[in-house]
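Beneath this line is the structure, given in structure tokens, with notes to follow.
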Amino acid sequence: MSRHLEIARLGKSFATPRGPFVAVEAFDLTLATGEFVALIGHSGCGKSTVLSMVAGLTQPSTGGIALAGREIDGPGPDRGVVFQSPALLPWLSVLENVLLGVDRVFAHGTSAERRAIAEHHLCSVGLGDMLAKSPREISQGERQRVGIARALALAPKLLLLDEPFGMLDSLTRLELQDMLAALLARTRTTALMVTHDVDEALFLADRVAMMTKGPRARIGALLEVRIPRPRVREAVLEHPDYYGLREELISFLEHQDASAEARAERGLAAAEASPLAAAAPQ
Amino acid sequence: MSRSPSGATSPLLELRGVAKHYGAGARRCAVLADVSLAVAEGEFVAVVGFSGTGKTTLVSLLAGLIAPDAGEVLLRGKPMRGPGPDRGVVFQSYALLPWLTVLENVRLAVDAVGAGRHPGERELRAREIVALVGLSHASDKRPRELSGGMRQRVALARALAQDPAILLLDEPLGALDALTRANLQRELASIALRQRKTVVLVTNDIDEALLLSDRVLPLEPAAEPGAGARIRASFPVAIARPRDRAALNHDIEFRKLRNELTGHLIALGARRRAQRTATAPPLPALEPRLRHSGLPRVLR
Numbered sequence: 001m002s003r004h005l006e007i008a009r010l011g012k013s014f015a016t017p018r019g020p021f022v023a024v025e026a027f028d029l030t031l032a033t034g035e036f037v038a039l040i041g042h043s044g045c046g047k048s049t050v051l052s053m054v055a056g057l058t059q060p061s062t063g064g065i066a067l068a069g070r071e072i073d074g075p076g077p078d079r080g081v082v083f084q085s086p087a088l089l090p091w092l093s094v095l096e097n098v099l100l101g102v103d104r105v106f107a108h109g110t111s112a113e114r115r116a117i118a119e120h121h122l123c124s125v126g127l128g129d130m131l132a133k134s135p136r137e138i139s140q141g142e143r144q145r146v147g148i149a150r151a152l153a154l155a156p157k158l159l160l161l162d163e164p165f166g167m168l169d170s171l172t173r174l175e176l177q178d179m180l181a182a183l184l185a186r187t188r189t190t191a192l193m194v195t196h197d198v199d200e201a202l203f204l205a206d207r208v209a210m211m212t213k214g215p216r217a218r219i220g221a222l223l224e225v226r227i228p229r230p231r232v233r234e235a236v237l238e239h240p241d242y243y244g245l246r247e248e249l250i251s252f253l254e255h256q257d258a259s260a261e262a263r264a265e266r267g268l269a270a271a272e273a274s275p276l277a278a279a280a281p282q
Numbered sequence: 001m002s003r004s005p006s007g008a009t010s011p012l013l014e015l016r017g018v019a020k021h022y023g024a025g026a027r028r029c030a031v032l033a034d035v036s037l038a039v040a041e042g043e044f045v046a047v048v049g050f051s052g053t054g055k056t057t058l059v060s061l062l063a064g065l066i067a068p069d070a071g072e073v074l075l076r077g078k079p080m081r082g083p084g085p086d087r088g089v090v091f092q093s094y095a096l097l098p099w100l101t102v103l104e105n106v107r108l109a110v111d112a113v114g115a116g117r118h119p120g121e122r123e124l125r126a127r128e129i130v131a132l133v134g135l136s137h138a139s140d141k142r143p144r145e146l147s148g149g150m151r152q153r154v155a156l157a158r159a160l161a162q163d164p165a166i167l168l169l170d171e172p173l174g175a176l177d178a179l180t181r182a183n184l185q186r187e188l189a190s191i192a193l194r195q196r197k198t199v200v201l202v203t204n205d206i207d208e209a210l211l212l213s214d215r216v217l218p219l220e221p222a223a224e225p226g227a228g229a230r231i232r233a234s235f236p237v238a239i240a241r242p243r244d245r246a247a248l249n250h251d252i253e254f255r256k257l258r259n260e261l262t263g264h265l266i267a268l269g270a271r272r273r274a275q276r277t278a279t280a281p282p283l284p285a286l287e288p289r290l291r292h293s294g295l296p297r298v299l300r
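Chains A and B supply the protein sequences, listed in that same order.
Residues 1 to 282 in this note's numbering are what the first sequence spells out, letter by letter.
Residues 1 to 300 in this note's numbering are what the second sequence spells out, letter by letter.
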């Protein structure tokens, strides 16, 4: 197994007036090239903190992260990030929003080539006929399609997805999951996705990493999803393992809930900051 | 325990070949085309559809807030003439009066239908309904002091306060987080069961539809742009009540239905998007050139 992304002994603590708050501790995870791993856990457990360190938007307090053999020490275009809200620039067209990054990363190409790259990815997310539209004129689901095209257009070594479909209604969410699965199957992009949707994790991921509830969050268990690819929704839902895996994830989350409540009674659970949201370029 | 619709000959609420469009001339846009739907007394029907396919138009027609261009809207077999207190409507936006307390918001609805009754009796009735949705502890709070879930409970209480025979729910839980949503779904199921209401729930959540309804009707988006949505298929939900979310995960019938319905809706969505796929230009053979981004140091 090639180690494409290696996260080793990763930890993050934040300074608070009452001493350091350890959000994440001893977090280990390795992704093979082309692998899709979903990171699942309750809101506030530190999932986004991990993702933001992999994105290079926050510095780890301990441990380290290497992508394709190089240590990550800041943000870079080799990692595409898709947030819950795509934060498109409203005064630019759909095409121009994608070109913004393409123009920098492919500055050595011709402008026709750069346009072809942007158009290619917008077509592959189903927006080929909306290039000239303004973000205001399209639906929320379509905006998130632009966000995904924008990330993939830079041919990243790693795609980071932070609850990318969290704001969408459940049917639109299904549509975008199907689209993302098909896209990644074609581009073979390695991806790490944060989600709290159990069905979403099972449909998209090769492995699901279940995070314990913070503080000192780490991976509590890893679940392998041995459902063959390419995955078609009906076949996935009818796979004999599906509801068993679903049950396992749900009961893990429920168990975390119960143990966190017990911890809260002991006065240990503190409010957690989401550094990713604060550091995200708007 | 399964609630079976009463054997009445004519449905309580019915749409017959209903069509509705907005705009005129070049801007004319058909929303619904030829929608037929019959809801029996005591039945819980869920209409599931993509956003922007006319779900709210459907609810407004059933509420009598708008009239169809073609076809008929029938209430107890007679043409519907506008809105009435026999139909309580809950929309996704709560539309509470911000200067009134929870109790006063509900009291308003009680007063509207029970004008003849003694004021003390009406006050009692309003308190009863507030308790029913689990808000007694917050009855003196104003809407801005409440969470989204609590506001949605007030909106539901206000609809129930009219004691309507029919509840029309337009994505009432759409704006809520998963946990609050699950709690309110449980509440809604128990209220519908205890009070034997006839309910039409419009939602985009397949699990919500299967958890609550006797029958799920997918609202099919038009195959070609500009044409209206239709209702054709119907999925009866023959799962005993009360239904428990965790237990459903093991229920063979639930899984089968969930898979069927998901597949059906995905196919409808795919058909809609297939209309407008432009051909992608080939990707030029260019490797990305990585320089460290010029983001300010402060973000690192």
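Glycine residues also receive a C-beta, built at the ideal position from the N, C-alpha and C atoms.
Keep in mind it's a predicted model, so treat the numbers as computed, not measured.
Neighbouring residues, chain A, relative to residue i (Cβ below 8 angstroms)
i	result
A209 of chain B	Near A209 of chain B there are no residues of chain A at all, since even the closest Cβ is about 10 angstroms away, more than 8 angstroms.
L32 of chain B	Residues of chain A passing the Cβ test: none, with the nearest at roughly 18 angstroms.
T262 of chain B	L174, R233, E234 and L237
L265 of chain B	L171 and L174
N183 of chain B	Neighbours of N183 of chain B on chain A: none; closest Cβ ~14 angstroms, over 8 angstroms.
Nearest neighbour of residue i, chosen from the options [CA to CA]
i	options	result
L159 of chain A	A:E119, A:A68 and A:G80	A:G80
P228 of chain A	A:P240, A:R218 and A:I219	A:P240
E171 of chain B	B:V237, B:G54 and B:R289	B:G54
L32 of chain B	B:P98, B:T198, B:G269 and B:I231	B:I231
A131 of chain B	B:H118, B:R107, B:V35 and B:L100	B:R107
L92 of chain A	A:G166, A:K133 and A:A38	A:K133
E104 of chain B	B:A126, B:A192 and B:L286	B:A126
L173 of chain B	B:G148, B:R194 and B:Q195	B:G148
L212 of chain B	B:P225, B:A227 and B:L193	B:L193
T62 of chain A	A:L31, A:A68 and A:F27	A:F27
G166 of chain A	A:R186, A:Q140 and A:A182	A:Q140
R231 of chain A	A:I250, A:A107, A:A221 and A:E200	A:E200
E224 of chain B	B:Y94, B:V199, B:A270 and B:D111	B:A270
A267 of chain B	A:L222, A:L174 and A:S111	A:L174
S234 of chain B	B:V18, B:V216, B:H118 and B:P68	B:V216
L100 of chain B	B:V90, B:Q92 and B:R151	B:R151
D34 of chain B	B:L248, B:K256, B:A227 and B:A161	B:A227
R196 of chain B	B:F44, B:A67 and B:L283	B:F44
Distance CB(residue i)-CB(residue j) smaller than 8 angstroms
i	j	result
P83 of chain B	L65 of chain B	yes
P156 of chain A	Q84 of chain A	no
L135 of chain B	V113 of chain B	no
L57 of chain A	G101 of chain A	no
A205 of chain A	L29 of chain A	no
I117 of chain A	I65 of chain A	no
L74 of chain B	E14 of chain B	yes
E72 of chain B	R28 of chain B	no
E41 of chain B	T198 of chain B	yes
L265 of chain B	P218 of chain B	yes
A191 of chain A	L161 of chain A	yes
A109 of chain B	V89 of chain B	no
A189 of chain B	P143 of chain B	no
N204 of chain B	D169 of chain A	yes
E234 of chain A	L286 of chain B	no
Residues that residue i contacts on chain B, provided the C-beta gap is smaller than 9 angstroms
i	result
R79 of chain A	In chain order: nothing, as chain B lies at least about 10 angstroms away.
T172 of chain A	F50, S51, N204 and G269
D178 of chain A	I266, G269 and A270
Contacts that residue i makes with chain B (C-beta to C-beta distance below 8 angstroms)
i	result
H108 of chain A	L286 and R289
H120 of chain A	A280, P281, P282 and L283
A116 of chain A	P281, P282, L283 and P284
Whole-angstrom C-beta distance between residue j and residue i, which should lie under 8 angstroms
i	j	result
L202 of chain A	R246 of chain A	6 angstroms
V198 of chain A	S48 of chain A	Not really, about 18 angstroms apart at Cβ, beyond 8 angstroms.
R207 of chain A	V37 of chain A	5 angstroms
V125 of chain A	P86 of chain A	11 angstroms between Cβ atoms; not a contact.
L261 of chain B	I206 of chain B	5 angstroms
R143 of chain A	L88 of chain A	6 angstroms
Contact list for residue i against chain A, beta-carbon separation under 7 angstroms
i	result
R255 of chain B	Y243
I231 of chain B	Those do not exist, as I231 of chain B stays about 16 angstroms from chain A at its closest Cβ, beyond 7 angstroms.
N259 of chain B	E234, L237 and E238
Exercise. Residue ranges of each alpha helix (DSSP H) run of no fewer than 4 residues wholly in the stretch 85-119 of chain A, ordered along the chain?
Worked result: Under the rule that a run must span 4 or more residues, the alpha helix (DSSP H) segments found entirely inside the stretch 85-119 of chain A read 94-105.
For this session: Tell me the start and end of each unbroken beta strand (DSSP E) in the stretch 166-208 of chain B that is at least 3 residues and wholly inside, in chain order.
Result: Positions of the beta strand (DSSP E) runs, each at least 3 residues long and wholly inside the stretch 166-208 of chain B, are given as 166-170 and 198-203 in order along the chain.
Problem set entry | Any alpha helix (DSSP H) of 4 or more consecutive residues that is wholly inside the stretch 209-249 of chain B | The alpha helix (DSSP H) runs of length 4 or more contained entirely in the stretch 209-249 of chain B are, from start to end of the chain, 245-248.
For this session: Entirely within the stretch 66-124 of chain B and at least 3 residues each: give me those beta strand (DSSP E) ranges in chain order.
Result: If we require 3 residues or more, the beta strand (DSSP E) runs fully inside the stretch 66-124 of chain B come out as 70-75 and 87-90.
Problem set entry | Whole beta strand (DSSP E) elements within the stretch 157-190 of chain A, 3-residue minimum | Correct list: 158-162.
For this session: Run through the stretch 14-42 of chain A for me and flag every whole beta strand (DSSP E) of 3 or more residues, listed as ranges in chain order.
Result: Correct list: 19-31 and 36-40.
Problem set entry | Segments of 4+ residues assigned as alpha helix (DSSP H) that fall wholly inside the stretch 45-75 of chain A | Listed in chain order, they are 47-55.
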